[in-house]
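Asker: Here it is: the structure, laid out below.
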Amino acid sequence: MTLFIYNTLSKEKEEFQSIEPHKVRMYLCGPTVYDLLHIGNFRGVIFFNLVRNWLERNGYDVRFVLNFTDIDDKIITRAQEEGISTEALTKRYIAAYLEDVQCLHITPHELNPKCTDHIQDMITFITQLIDKKSAYVSEGSVFFDISRFSDYGKLSGKKLEDLIAGHRVDPDPTKKNPLDFVLWKPSKEGEPYWDSPWGKGRPGWHIECSAMNHCIHGDQIDIHGGGIDLIFPHHENEIAQSESLTGKSFSRYWMHNNFIRFGNDKMSKSLGNVIKARDYMTQFHPEILKFLMLSVHYRSELSIDNKQTHQAIGRLSRIYHALKTAQELSQDTQATPLPFIETLNTAEQRISDALNDDFNTPVVFAAFFDVIREFNQLCNQLKKKDPSLKSAAYALSTFIETKGALFSLFQENSDSFLKALDMILVKEKNIDIRHVEALIQQRNDARKNKDFSLSDSIRDKLTDMSILIQDTPNGTVWEMDKYSDSVD
RNA sequence: GGCGGUAUGGCCAAGUGGUAAGGCAGAGGUUUGCAAAACCUUUAUCCCCAGUUCGAAUCUGGGUGCCGCCUCCA
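Start counting the first sequence at 62; every next residue gets the next number (the working numbering).
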């Protein structure tokens, strides 16, 4: 296996090599738990789940750590607004996060540490930075002295002069340099605090990830992930802290997922245009969210709106329809037609190559569709009882389930998932199911009487309601039209 | 103001030097009482200009549009 990963540090795809053979230490910057998470927060969770699954499939023992930031200004503000303790607030939202993640059915993380469980580690870390003259104390605060870290800016590609020239740097008189960032800040009256050598206070934002990584993973990790917006300053600062402390390079690969957009805007809490993950998964389905997230390369922006969602529903419907058919016919008769075996092998290779090329998931799905198309062809060509069709069906369903597991996709029961998709659209279009069934009954009565003009007019009525009906040997079945592009 | 990303068919989206994956939508066909699903056929020269090259969507330079970072943010 030769996996190439785009490394933000080098701005190039690099061959992946773990620090220790067969072991991967990865860390993903997790959420600040002061509110329900929006779907953007889950892009990383969903994508890095694939990264870990793929590494594991290739024989690595992966330790995936995702943290909770459970102390910061927003948390304090929110807790004060609600008149509760920060612990009560963060406990609530950590629980909510865990519930949301459970809905996704992804591979569990090895560890979800909380910052507040590592305050002592942070204090130790900061103390050592002060000892090394990489940090200094100023009026109860501790700042990192970026002049002591010559590599500052190497991740984000920023030059110090440019940063200083920027309009947005806040000139704090207690800092030596406007770019120095806080490691420890004194607490104000009524705020939560921890005792430290510098007085009562709390850690700055960036130190938590450095300290937790150091404590859990050690001096060096293989993969550090996060949203693209964390490159600067958060990850830049993590590098400065960690590398100043250890003198070793901190993370070998820095991977950053791009944003979710809503329409033309970045989806962000500060813009207030977020879709809560929970709401989305309730209104639609976790499977749709995962599929949509992975339909676009992780380093590209992804727009999630109603139109995109419905396109994903259509694509998923195609996959699950094929899967359902395959599962119904499936029988391992050892008679899989040779061309189909070759198609599966080609697709397998294509998927593997695509994943090894910096996780090119759109190509992966293209390979799925290639296989499905060929299976559907076989369904058209062969009789249902044909052992070679049954065997192809077995091969296809196994293929989809096994490969899908990498993405934590296609593991749903095909029949009930397709019904769930129908129900999404039924609700959306306000369809009365009893009315639909009555119409179908009327149509079938008309057909029995060979009154085809009546039966056709009823069909048209159903079509107008976005309902597709199929006359099968077992009677008439209906489903919602999942391909209709008319939804906005 | 500084830095960076991106621009591919009606829509979404791969492709980073050799003549454009995949999905949806459109058109025609097979099938059907009629349909649907499925299948088949069909639909792009890749923002503009200049350059490098035997050859560029793919490299270089310039321009334009959109987006992001520089402040909390996945």
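Using N, Cα and C, we set each Cβ at its ideal position, and we do this for glycine too.
#1: Do you know how far the Cα of THR63 is from the Cα of LYS309?
#2: DSSP on SER547, reduced to helix/strand/coil?
#3: State the Cα-Cα distance for the pair GLU76 and TRP115, rounded to the nearest angstrom.
#4: Skipping 5 residues on each side, what residues in its chain have a beta carbon closer than 6 Å to that of ILE461?
#5: DSSP three-state label for LEU216, please.
#6: Once DSSP output is grouped into helix, strand and coil, what is the label at SER202?
#7: What's the call for LEU486, buried or exposed, on a 16-neighbour Cβ count within 10 Å?
#8: Give the DSSP-derived three-state secondary structure of TRP266 in the structure shown.
#9: Going by DSSP, what residues sit across from ASN406 in a beta bridge?
#10: Give the secondary structure of ASN68 by DSSP, where H, G and I count as helix, E and B as strand, and everything else as coil.
#11: Any idea if GLN181 is buried or exposed, counting beta-carbon neighbours within 10 angstroms, 16 or more meaning buried?
#12: Would you grab the beta carbon distance between ILE501 and THR533 for me? Rounded to a whole angstrom, and I think it's under 8 Å.
#13: State the DSSP-derived secondary structure class of TRP259, mapped to helix, strand or coil.
#14: Between TYR95 and ARG124, how many whole angstroms is the CB-CB distance? I'm expecting something under 8 Å.
#15: Under three-state DSSP, which class holds GLY288?
#16: Mapping the DSSP letters down to three states, classify HIS83 as helix, strand or coil.
#17: Rounded to whole angstroms, what's the CA-CA distance from ARG434 to THR307? Just pull it up for me.
#18: Mind checking whether TYR341 and LEU332 have CB atoms under 8 Å apart?
#19: Reducing DSSP to helix, strand and coil, say where PRO253 ends up.
#20: In its own chain, which residues sit with a C-beta less than 7 Å from the C-beta of SER449, not counting the 5 before and 5 after it?
#21: Exposed or buried, ASN510, counting other C-beta atoms within 10 Å across all chains shown (16 or more means buried)?
#22: Over the uninterrupted alpha helix (DSSP H) stretch that includes GLN141, give me the two end residues.
#23: What did DSSP end up calling SER89 once you bin it into helix, strand or coil?
#24: Across which residues does DSSP place ASP326 in a beta bridge pair?
#25: Just to confirm my understanding: we take ASN437, look at its own chain, exclude 5 residues before and 5 after, and list those with CB closer than 7 Å. What are they?
#26: State the beta-bridge partners of ARG124 as determined by DSSP.
#27: Within 10 angstroms of the Cβ of PRO169, are there 16 or more other Cβ atoms? Answer buried if so, exposed if not.
#28: Does the distance from the CB of LEU190 to the CB of ARG339 come in under 8 Å?
#29: What first and last residue would you give for the alpha helix (DSSP H) that runs through ASN505?
#30: What residues in its chain sit with their C-beta under 7 Å from that of VAL22, if we drop five residues either side in the sequence?
#31: Determine the closest residue to HIS179 out of ILE100, TRP255, LEU111, with distance taken between C-alpha atoms.
#32: Using the C-alpha atoms, what's the distance from SER248 back to LEU416?
#33: Identify which residue in LYS72, PHE426, HIS346 has its Cα closest to the Cα of ASP483.
#34: Using a threshold of 8 Å, state whether the C-beta atoms of ILE494 and ARG504 are closer than that.
#35: If LEU377 sits next to GLU348, beta carbons under 8 Å apart, how far is it from one beta carbon to the other, in whole angstroms?
#36: Using beta-carbon positions only, say whether ARG86 and ILE282 come within less than 8 Å of one another.
Answerer: In short:
#1: 25 Å
#2: A caution first: SER547 carries a pLDDT of 45, below 50, which makes its placement in the model unreliable, though a value can still be read off. Three-state DSSP puts SER547 in coil, outside helix and strand.
#3: 15 Å
#4: LEU384, PHE471
#5: coil
#6: strand
#7: buried
#8: helix
#9: In DSSP, ASN406 forms no bridge with anything.
#10: strand
#11: Exposed.
#12: Not confirmed; about 12 Å, so no contact.
#13: coil
#14: Not really, about 27 Å apart at Cβ, beyond 8 Å.
#15: strand
#16: coil
#17: 54 Å
#18: no
#19: coil
#20: ALA396, THR397, PRO398, LEU443
#21: By the Cβ-count criterion, ASN510 is exposed, with fewer than 16 other Cβ atoms from all chains shown falling within 10 Å of its own Cβ.
#22: 134 to 143
#23: Inspection of the sequence shows that residue 89 is occupied by Leu rather than by Ser. Three-state result, LEU89: strand.
#24: PHE323
#25: ALA383
#26: Answer by DSSP bridge pairing, in chain order: ARG86.
#27: exposed
#28: ARG339 is positioned such that its CB atom lies no closer than 8 Å to that of LEU190.
#29: Here the alpha helix (DSSP H) through ASN505 covers 494 to 509.
#30: Lying outside 62 to 549, the shown extent of the chain, residue 22 is not represented and no answer is given.
#31: Distance check between HIS179 and each of ILE100, TRP255, LEU111 places TRP255 closest, using alpha-carbon atoms only.
#32: 47 Å
#33: For ASP483, the closest C-alpha among the options LYS72, PHE426, HIS346 is that of HIS346.
#34: At least 8 Å separates the beta-carbon of ILE494 from that of ARG504.
#35: About 7 Å; that satisfies the 8 Å criterion.
#36: yes
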